[in-house]
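Protein chains in written order, with the working numbering: chain A, 26 to 142; chain B, -10 to 98.
Virtual Cβ for every residue (Gly too), placed ideally from N, Cα, C.
Report on one structure; see the data block that follows.
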C-alpha cells in the first residue's frame, strides 16, 4: 500500500487479556518505530527496529510489552496481561533511512486505539 | 535531539495567519529544524524542514533567524482543518523522533 497500515484500528481488551497489534510499514523502509500516545500527550517512543534487528527498546514500559519484526517488514507489538494504564493509542511509523537528517521523514499509521476495561 | 520549547496552545480564527515559535537555544551546527502536524485520530505527519533562512512549501513556511536559536512555523490563512497539534523537533543523525507535547492549535469559525 501507499502508507503505513495498522490493525486493528480499535481494540477493547479485558484486563489481563493479551493483545497483538500489527503494523505494515511502507515497503522497503529500513526503520520501524512504535509509539504510545496517551490522551492529550505527544507520542512516547517505545521501540525501534532497523530491518529485523531491534536496536532500541528503551521505551517499553514493562516486560509485558514485546515487539518483533522477524522478516524486516511487518511488525507486531504484543502486550501481555493488559492493565488499564495500557489504554492508549499505539502508533507505528516507518522511515526509509536508518537515521533522520535532511529530507528524511517518518511516515505514521493511523494508530490502534486500545481500551482496557 | 536538542531541547525545544513551544507554546502549549494557540487559538485563531479562519482566514488569519498563525505563527508558532519554537525556541531551541542549544541547537548544534549540523541540526535541522523539522515540524510535524498531527490531526485528531491520526498519526503525526511531516510538514516542513529547514536549516536556515526561509523555507516554503504548499502547507507552510518556516522562518529561521541567523542565530538559529528559534524558528517560526507560519500557516497562512488558516481554515478549520488546520486545527491540529504541531510539534517542533531539532536535530540530525538521530535514530528516533522524540516528541514533546507540541502546540495545540484551535481554529474557530
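Would residue i and residue j qualify as a contact pair, given that the criterion is a beta-carbon distance under 8 Å?
{"i": "residue 94 (chain A)", "j": "residue 104 (chain A)", "result": "no"}
{"i": "residue 26 (chain B)", "j": "residue 9 (chain B)", "result": "no"}
{"i": "residue 109 (chain A)", "j": "residue 40 (chain A)", "result": "yes"}
{"i": "residue 79 (chain A)", "j": "residue 113 (chain A)", "result": "no"}
{"i": "residue 131 (chain A)", "j": "residue -10 (chain B)", "result": "no"}
{"i": "residue 55 (chain A)", "j": "residue 123 (chain A)", "result": "yes"}
{"i": "residue 89 (chain B)", "j": "residue 23 (chain B)", "result": "no"}
{"i": "residue 43 (chain B)", "j": "residue 50 (chain B)", "result": "yes"}
{"i": "residue 31 (chain A)", "j": "residue 117 (chain A)", "result": "yes"}
Measure from the C-beta of residue i to each C-beta in chain B and report whether the shortest distance is under 8 Å.
{"i": "residue 47 (chain A)", "result": "no"}
{"i": "residue 96 (chain A)", "result": "no"}
{"i": "residue 63 (chain A)", "result": "no"}
{"i": "residue 89 (chain A)", "result": "no"}
{"i": "residue 113 (chain A)", "result": "no"}
{"i": "residue 27 (chain A)", "result": "no"}
{"i": "residue 109 (chain A)", "result": "no"}
{"i": "residue 53 (chain A)", "result": "no"}
{"i": "residue 131 (chain A)", "result": "yes"}
For the beta strand (DSSP E) holding residue i, just list the boundary residues, first then last.
{"i": "residue 8 (chain B)", "result": "7 to 12"}
{"i": "residue 104 (chain A)", "result": "100 to 104"}
{"i": "residue 59 (chain B)", "result": "59 to 64"}
{"i": "residue -1 (chain B)", "result": "-2 to 2"}
{"i": "residue 129 (chain A)", "result": "From DSSP, residue 129 (chain A) is part of no beta strand (DSSP E); its letter is neither H nor E."}
{"i": "residue 51 (chain B)", "result": "50 to 53"}
{"i": "residue 76 (chain B)", "result": "73 to 80"}
Which chain A residues are close to residue i, counting only those with a beta carbon under 7 Å from its beta carbon?
{"i": "residue 85 (chain B)", "result": "58, 70, 73 and 81"}
Report the neighbours of residue i on chain B: residues whose CB is nearer than 7 Å to its CB, in chain order.
{"i": "residue 116 (chain A)", "result": "32"}
{"i": "residue 121 (chain A)", "result": "Correct list: empty, because the minimum Cβ distance to chain B is about 12 Å."}
{"i": "residue 126 (chain A)", "result": "21, 81 and 82"}
Name, please, each residue of chain B whose Cβ falls closer than 8 Å to the Cβ of residue i.
{"i": "residue 77 (chain A)", "result": "Those do not exist, as residue 77 (chain A) stays about 16 Å from chain B at its closest Cβ, beyond 8 Å."}
{"i": "residue 93 (chain A)", "result": "Result: empty, since nearest Cβ-Cβ is about 18 Å, beyond 8 Å."}
Counting only beta-carbon atoms, is residue i nearer than 8 Å to chain A?
{"i": "residue 2 (chain B)", "result": "no"}
Identify the contact partners of residue i in chain B, using a Cβ-Cβ distance below 9 Å as the criterion.
{"i": "residue 136 (chain A)", "result": "30, 31 and 32"}
{"i": "residue 106 (chain A)", "result": "The contacting residues do not exist; residue 106 (chain A) stays about 27 Å from chain B at best."}
Residues in the region 74 to 98 of chain B having any Cβ partner in chain A nearer than 9 Å: 74, 76, 78, 80, 81, 82, 83, 84, 85, 86, 87, 88, 89, 90, 91 and 93
Chain A contacts from the region 52 to 73 of chain B (Cβ-Cβ distance under 7 Å): Taking 7 Å as the Cβ-Cβ cut-off against chain A, none of the residues of the region 52 to 73 of chain B qualify.
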